[in-house]
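Chemist: Let me give you the structure first, and then I'll get to my questions.
2 protein chains.
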Amino acid sequence: MPLATPAGYRALDEATLAAYLETVPTIAGRLGGAAADWRVAEVGDGNLNLVFLVEGPNDGVCVKQALPYVRLVGDGWPLPLERAWFEHEATQIQARHAAERLPAILHYDPQLYLIAMERLAPHIIMRRGMIAGTVYPAFVDHMVEYTANALYFTSDLALRAGEKKRLVAQFAGNTELCKITEDLIFTDPYRIAELNRWTSPELDDVALAIRGDDGLKRAVSLLKLKFLSRGEALLHGDLHTGSIMVTATDTKVIDPEFAFFGPMGFDVGKLIGNLLLSYFSQAGHEQEAGERDDYRAWITATIERFWNGFERRFIELWLANRTGDAFPADLFENADTEGSDAGRRSLGQAQHIFMRELFEDCLGYAGCSMIRRILGLAHNIDMEWIEDQGRRAACERRTLGLAVDLVKQARQIPSIEAVTAKAAALQAAA
Amino acid sequence: MPLATPAGYRALDEATLAAYLETVPTIAGRLGGAAADWRVAEVGDGNLNLVFLVEGPNDGVCVKQALPYVRLVGDGWPLPLERAWFEHEATQIQARHAAERLPAILHYDPQLYLIAMERLAPHIIMRRGMIAGTVYPAFVDHMVEYTANALYFTSDLALRAGEKKRLVAQFAGNTELCKITEDLIFTDPYRIAELNRWTSPELDDVALAIRGDDGLKRAVSLLKLKFLSRGEALLHGDLHTGSIMVTATDTKVIDPEFAFFGPMGFDVGKLIGNLLLSYFSQAGHEQEAGERDDYRAWITATIERFWNGFERRFIELWLANRTGDAFPADLFENADTEGSDAGRRSLGQAQHIFMRELFEDCLGYAGCSMIRRILGLAHNIDMEWIEDQGRRAACERRTLGLAVDLVKQARQIPSIEAVTAKAAALQAAA
Chain W
445 MPLATPAGYR ALDEATLAAY LETVPTIAGR LGGAAADWRV AEVGDGNLNL VFLVEGPNDG
505 VCVKQALPYV RLVGDGWPLP LERAWFEHEA TQIQARHAAE RLPAILHYDP QLYLIAMERL
565 APHIIMRRGM IAGTVYPAFV DHMVEYTANA LYFTSDLALR AGEKKRLVAQ FAGNTELCKI
625 TEDLIFTDPY RIAELNRWTS PELDDVALAI RGDDGLKRAV SLLKLKFLSR GEALLHGDLH
685 TGSIMVTATD TKVIDPEFAF FGPMGFDVGK LIGNLLLSYF SQAGHEQEAG ERDDYRAWIT
745 ATIERFWNGF ERRFIELWLA NRTGDAFPAD LFENADTEGS DAGRRSLGQA QHIFMRELFE
805 DCLGYAGCSM IRRILGLAHN IDMEWIEDQG RRAACERRTL GLAVDLVKQA RQIPSIEAVT
865 AKAAALQAAA
Chain G
445 MPLATPAGYR ALDEATLAAY LETVPTIAGR LGGAAADWRV AEVGDGNLNL VFLVEGPNDG
505 VCVKQALPYV RLVGDGWPLP LERAWFEHEA TQIQARHAAE RLPAILHYDP QLYLIAMERL
565 APHIIMRRGM IAGTVYPAFV DHMVEYTANA LYFTSDLALR AGEKKRLVAQ FAGNTELCKI
625 TEDLIFTDPY RIAELNRWTS PELDDVALAI RGDDGLKRAV SLLKLKFLSR GEALLHGDLH
685 TGSIMVTATD TKVIDPEFAF FGPMGFDVGK LIGNLLLSYF SQAGHEQEAG ERDDYRAWIT
745 ATIERFWNGF ERRFIELWLA NRTGDAFPAD LFENADTEGS DAGRRSLGQA QHIFMRELFE
805 DCLGYAGCSM IRRILGLAHN IDMEWIEDQG RRAACERRTL GLAVDLVKQA RQIPSIEAVT
865 AKAAALQAAA
């Protein structure tokens, strides 16, 4: 029996999409010609939605439509159509501060839960580019700017409390998408769960060890509690290399349908975790050992530049935009005592405490997002495309080694350079 | 010009209340007789609302009505009537787990923003009882039960994420009341602000020192950020000895109109802070030095028993009610490895980490709530009723001494006994 959907909703297909788009003047005008001239291809390779590319005589558009269930699993796993609304809302908010990093939204249909946006070309999904060993020189600066802006400007440092609470309430409705994260990232990989899968029998021992590692499960559960209870900023919610489209000179972040107010470290950590996962997967894509040494060095340099850049940029934004209710400016200027220098120094110390805590969260979430891609339901093509099972398992084992360390030892890790050094040491021992 | 109010709203007075209550059968029946037989007295001594006591031939009721402004300040400070709705909602939720500690709600009028509840008799406001030096033997066990239940059962440990997010969204609307706390507790006492007042000139030096104490302002601002961003549980939001009515055998918590999802440490900390404030105020109410030594010893013992009892009870609830999405039971039982002992031990360690963090938050919030009552807008009668200004200032100075320590040194304070020992040492040095 098909799932019940609201009146007016119907899932489109390659045959019906063009007729629909013909009724939307902004899209029809952009494509040029008439519906008969448009080529439509369903290309969704994500886990949740329909994605169509439509090419007209003048231009192309990308159309994303929510299905009432998880595409990867089928209609046995219902999922609210409203995730399209949350994606659209989150994009509108992020566009205020990071518009250049987002695809332009052309049209939103609240009945069809459908978003039409610019067709990004010649962009490709970054994960695929990294599997091919492609360097993206613009990526790091772009992602520093995106994450720092998107997080800073939706935090209590930039927003007045009333406005922030209004947004928190709005995104609290995206609970089913959050639940996917809660279950698949923070829970299932650490217990026997039907949906888990891993490279077996090679990784059976480490899967068992991880399910039995009390210290790890404790640390993961504390990270889950933060994910559940800390509304620090509006997160993308699924910020990995599969949610980023790139060229050598451009970077766009897509798919913010998991958006909600959560801990900032989750977004930056998930991105770093996925870069590390790519790092360890490189050995599986080499024809000859060592052939991707330079590429690995680019990845570790990118990770370092990303975190360090994020930290610097976030603090710059903090100093330049003290518009929120947290850390009121006049508490850090000491107008009636020894002048503003001490106040500024004190704010600097507060920022140091703040960023250190964010860094530790980031490491923990990075580790969790690596583990779930190897022991949980949803795997990444970085590893899946390594055909030789033994080689894949070796790459995955090294990934897990670092991941467990990041989660359990976050407090002891002094810097992002210590993380990349650990990664390099594990790789060198291979 | 009077403030605009919604259609149907009118502020009642002693003359109009009886006619209104006559139209509410449950209330009229409870009071007995007819409106002409009822004695009505407006007794509000809080800062925000109208409060009426109504006595009929059979029984009494208490009626609380929100005004569209802050009563303490007047109509120059508008405040949403909806706070009555939040109070009513919070009471309904807390009543599921702590009904015996709450007055029974008899009637709610959404147009008049009016709550009628049982008349508590012979209860008095605990703050007044403490000024008189009265011991309340039932208080500590009752408040342990109330705080542990009210906080535990609205946290992610007890609630499923979807249900919690629904409640978070609902209470996010109570932003104006939160703003009062944000401004008056976490901001104004630390800067020159029109509304600040203190015992002057005696405390001018310490007020200046506090406005210039960068480490203190940093710590307070980090506590404010937590207050703004951490939705750990449904808080009462204003849990001090003026929100508690007591007899020797009963304890009732009233006035949860500041309710919202915030950091648990705020509720328990505010209560402890107010007990400490009472402790230091006792010297001002002594006819002879030392006459209240026993009472002071009762207060410190109460503080110790309250925190230790809260911690123990919260963990008992955690072990017995693992119904929430945080800390899933099957991650702490290790069914497939060495059995459940190690899992339980590990959960114990997680609980230790959790409670230590909550304790540090509690100390910080205790300190903030003491400072605001001495340097901010709203003072407490504990100190205000000390007529001799010099004696009052001496009591207040000792209070501030401990408060600053609690905020700045929270991480270094090993136990609640260390707090009461500091208090006793400050008092002994007097």
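Top line first, the protein sequences correspond to chains W and G.
Each residue of the first sequence is one higher than the one before, starting from 445 at the first, in the numbering used here.
Each residue of the second sequence is one higher than the one before, starting from 445 at the first, in the numbering used here.
The C-beta atom is built at its ideal place from N, Cα and C for all residues, glycine as well.
Owing to the predicted nature of the structure, the values given are computational and were not obtained by experimental measurement.
(1) Does Y634 (chain G) come within less than 8 Å of chain W when only Cβ atoms are used?
(2) Looking at the C-beta of V848 (chain G), does it have a partner C-beta in chain W at a distance below 8 Å?
(3) Quick one, which residues of the region 654–684 of chain W are near chain G if we go by CB-CB under 8 Å, in chain order?
(4) With DSSP as the reference, please indicate the residues paired to Q509 (chain W) in a beta bridge.
(5) To the nearest angstrom, how far is the alpha carbon of W642 (chain W) from that of Q833 (chain W)?
(6) To the nearest angstrom, how far is it from the Cα of D503 (chain W) to the Cα of R483 (chain W)?
(7) Quick check on D877 (chain W): buried or exposed, where buried means 16 or more other Cβ atoms within 10 Å of its Cβ?
(8) When the cut-off is 8 Å and only beta carbons count, does V505 (chain G) lie next to chain W?
(9) Using CA atoms only, rank isn't needed, just tell me which of W:H567, W:T746, W:S790 and W:G706 is closest to L666 (chain G).
(10) Based on the DSSP output, what are the partners of T695 (chain G) in its beta bridges?
(11) Grab me the residues of C622 (chain W)'s own chain with a C-beta within less than 6 Å of its C-beta, minus the 5 sequence neighbours each way, in chain order.
(12) Using DSSP bridges, identify the partner residues of A485 (chain G).
(13) In this structure, how does DSSP classify A733 (chain G) when only helix, strand and coil are distinguished?
(14) What is the residue span of the alpha helix (DSSP H) that Y596 (chain G) lies within?
(15) Can you tell me whether S859 (chain G) is buried or exposed, with buried defined as 16 or more other CB within 10 angstroms of its CB?
(16) Going by beta carbon distance, what residues of the same chain come within less than 6 Å of V468 (chain W), once the five residues before and after it are set aside?
(17) How is T747 (chain W) classed by DSSP in three states: helix, strand or coil?
(18) Quick check on S644 (chain W): buried or exposed, where buried means 16 or more other Cβ atoms within 10 Å of its Cβ?
(19) Can you tell me which of the three DSSP states Q871 (chain G) falls into?
(20) Using beta carbons (cut-off 8 Å, strictly below), is T843 (chain W) in contact with chain G?
(21) Establish whether the CB of K623 (chain W) and some CB of chain G are separated by less than 8 Å.
(22) Determine whether the Cβ of A626 (chain W) lies closer than 8 Å to any Cβ atom of chain G.
(23) Classify T864 (chain W) as buried or exposed, calling it buried when 16 or more other Cβ atoms lie within 10 Å of its own Cβ.
(24) Could you check which residue in G:Y513, G:I818 and G:P501 has the C-alpha nearest to that of L400 (chain G)?
(25) Consult DSSP for G659 (chain G) and reduce its assignment to one of helix, strand or coil.
(26) Of all the options G:P633, G:A455 and G:W529, which has the alpha carbon lying nearest to the alpha carbon of V495 (chain G)?
(27) Does the Cβ of Q614 (chain W) have 16 or more other Cβ atoms within 10 Å, making it buried, or fewer, making it exposed?
(28) So, does the CB of D600 (chain W) fall closer than 8 Å to a CB anywhere in chain G?
(29) Are the CB atoms of W762 (chain G) and Q795 (chain G) nearer to each other than 8 Å?
(30) Which residues in the same chain have their Cβ closer than 6 Å to the Cβ of G768 (chain G), if we skip the five residues on either side of it in sequence?
(31) 8 Å is my cut-off, CB to CB: does Q793 (chain W) come that close to chain G?
(32) Could you have a look at F602 (chain G) and say whether DSSP puts it in helix, strand or coil?
(33) Would you mind telling me which residues of chain G sit closer than 9 Å to I797 (chain W), beta carbon to beta carbon, in chain order?
(34) Under a Cβ-count criterion, where at least 16 other Cβ atoms within 10 Å of its own Cβ denotes burial, should I636 (chain W) be classed as buried or exposed?
(35) Could you tell me the distance, in whole angstroms, from the CA atom of Y557 (chain G) to the CA atom of A448 (chain W)?
(36) Take M445 (chain W) and list the residues in its own chain whose beta-carbon comes closer than 8 Å to its own, dropping the five residues that flank it on each side.
Modeler: Once the coordinates are examined:
(1) The count along the second sequence starts at 1 and reaches residue 634 (chain G) at position 190. Any Cβ of chain W closer than 8 Å to the Cβ of Y634 (chain G) would place that residue at the interface, and such an atom is present.
(2) Counted from its first residue, the second sequence places residue 848 (chain G) at position 404. For V848 (chain G), the answer is no, since every Cβ of chain W falls outside 8 Å of its Cβ.
(3) Hits within the stretch, in order: R655, G656, D658, G659, K661, R662, V664, S665, L666, K668, L669, L672, S673, R674, G675 and E676.
(4) As a working note, residue 509 (chain W) is residue 65 in the first sequence. Bridge partners of Q509 (chain W): W:L494 and W:L558.
(5) The residue you call residue 642 (chain W) lines up with position 198 of the first sequence. The residue you call residue 833 (chain W) lines up with position 389 of the first sequence. Roughly 11 Å between the two C-alpha positions.
(6) For the purposes of this step, residue 503 (chain W) is taken as residue 59 along the first sequence, with counting starting at 1. For the purposes of this step, residue 483 (chain W) is taken as residue 39 along the first sequence, with counting starting at 1. Distance between D503 (chain W) and R483 (chain W), taken at the CA atoms: about 11 Å.
(7) Any answer about residue 877 (chain W) is impossible in this case: the structure gives chain W only from 445 up to 874.
(8) Within the second sequence, residue 505 (chain G) is the residue found at index 61, counting from 1. V505 (chain G) does not count as touching chain W.
(9) Along the second sequence, read from residue 1 onward, the residue named residue 666 (chain G) stands at position 222. If we check each option's Cα against that of L666 (chain G), W:S790 comes out closest.
(10) Within the second sequence, residue 695 (chain G) is the residue found at index 251, counting from 1. T695 (chain G) pairs with G:V690.
(11) Within the first sequence, numbered from 1, the residue matching residue 622 (chain W) stands at position 178. If the five residues before and after C622 (chain W) are omitted, its C-beta is found closer than 6 Å to the C-beta atoms of F704, all from its own chain and listed in chain order.
(12) Residue 485 (chain G) sits at position 41 when you count from the first residue of the second sequence. The partner list for A485 (chain G) (beta bridge, DSSP) reads G:L497.
(13) Your numbering for residue 733 (chain G) matches position 289 in the second sequence. In the structure shown, A733 (chain G) sits in coil (DSSP, three-state: anything other than H, G, I, E or B).
(14) If you number the second sequence from 1, residue 596 (chain G) lands on position 152. Annotation: the continuous alpha helix (DSSP H) that includes Y596 (chain G) extends over F583 to Y596.
(15) Translated into positions along the second sequence, residue 859 (chain G) becomes position 415. Exposed, because fewer than 16 other Cβ atoms sit within 10 Å of the Cβ of S859 (chain G).
(16) Position 24 of the first sequence holds residue 468 (chain W). Setting aside the 5 residues that flank it on each side, V468 (chain W) is surrounded in the same chain by H551, each with a C-beta closer than 6 Å to its C-beta; the list follows chain order.
(17) Taking the first residue of the first sequence as 1, we reach residue 747 (chain W) at position 303. In the sequence on display, residue 747 (chain W) carries Ile and not Thr. Helix, per DSSP.
(18) Walking along the first sequence from the start, residue 644 (chain W) turns up at place 200. Taking all protein chains in view, the Cβ of S644 (chain W) is surrounded by fewer than 16 other Cβ atoms within 10 Å, so the residue is classified as exposed.
(19) As a working mapping, residue 871 (chain G) is identified with position 427 in the second sequence. Assignment of Q871 (chain G) by DSSP, reduced to helix, strand and coil, places it in the helix class.
(20) Along the first sequence, read from residue 1 onward, the residue named residue 843 (chain W) stands at position 399. Interface annotation, T843 (chain W): not in contact with chain G, CB-CB separation never under 8 Å.
(21) Walking along the first sequence from the start, residue 623 (chain W) turns up at place 179. So, interface residue.
(22) Here residue 626 (chain W) refers to the residue found at position 182 of the first sequence. For the sequence presented, residue 626 (chain W) should be read as Glu rather than Ala. By this cut-off, E626 (chain W) is an interface position.
(23) In the first sequence, counting from the first residue as 1, residue 864 (chain W) sits at position 420. Answer is buried; the Cβ neighbour count reaches 16.
(24) Any property of residue 400 (chain G) remains undetermined from this structure, which presents chain G solely from 445 to 874.
(25) By 1-based counting over the second sequence, the position of residue 659 (chain G) is 215. Note: G659 (chain G) maps to helix in three-state DSSP.
(26) Position 51 of the second sequence, counted from the first residue, corresponds to residue 495 (chain G). Nearest C-alpha to V495 (chain G): G:A455.
(27) Residue 614 (chain W) sits at position 170 when you count from the first residue of the first sequence. So Q614 (chain W) counts as buried.
(28) Along the first sequence, one-based indexing puts residue 600 (chain W) at 156. Answer yes: the Cβ-Cβ gap between D600 (chain W) and chain G drops below 8 Å somewhere.
(29) Along the second sequence, one-based indexing puts residue 762 (chain G) at 318. Along the second sequence, one-based indexing puts residue 795 (chain G) at 351. The answer is yes: Cβ separation under 8 Å.
(30) As a first step, residue 768 (chain G) is located in the second sequence; it is residue number 324 there, counting from the start. Same-chain partners within the cutoff: D600, L601, A602 and L603.
(31) Start at 1 with the first residue of the first sequence, and residue 793 (chain W) comes out as number 349. Interface residue, yes.
(32) Mapped onto the second sequence, residue 602 (chain G) falls at position 158. Note on identity: in this sequence residue 602 (chain G) is Ala, with Phe being the wrong assignment. Here A602 (chain G) carries a coil assignment [DSSP, helix/strand/coil].
(33) Mapped onto the first sequence, residue 797 (chain W) falls at position 353. Against I797 (chain W), the close residues of chain G are R662 and L666, in the order they occur along the chain (beta-carbon pairs closer than 9 Å).
(34) On the first sequence, residue 636 (chain W) is found 192 positions in, with the first residue counted as 1. With fewer than 16 other Cβ atoms inside 10 Å of its own Cβ, I636 (chain W) counts as exposed.
(35) The residue given as residue 557 (chain G) occupies position 113 in the second sequence. The residue given as residue 448 (chain W) occupies position 4 in the first sequence. For Y557 (chain G) and A448 (chain W), the distance between alpha carbons rounds to 39 Å.
(36) Along the first sequence, read from residue 1 onward, the residue named residue 445 (chain W) stands at position 1. For M445 (chain W), the predicted model reports a pLDDT of 47, less than 50, meaning its position is unreliable; a value from the coordinates is still stated below. Cβ within range, chain order: n/a, list empty.
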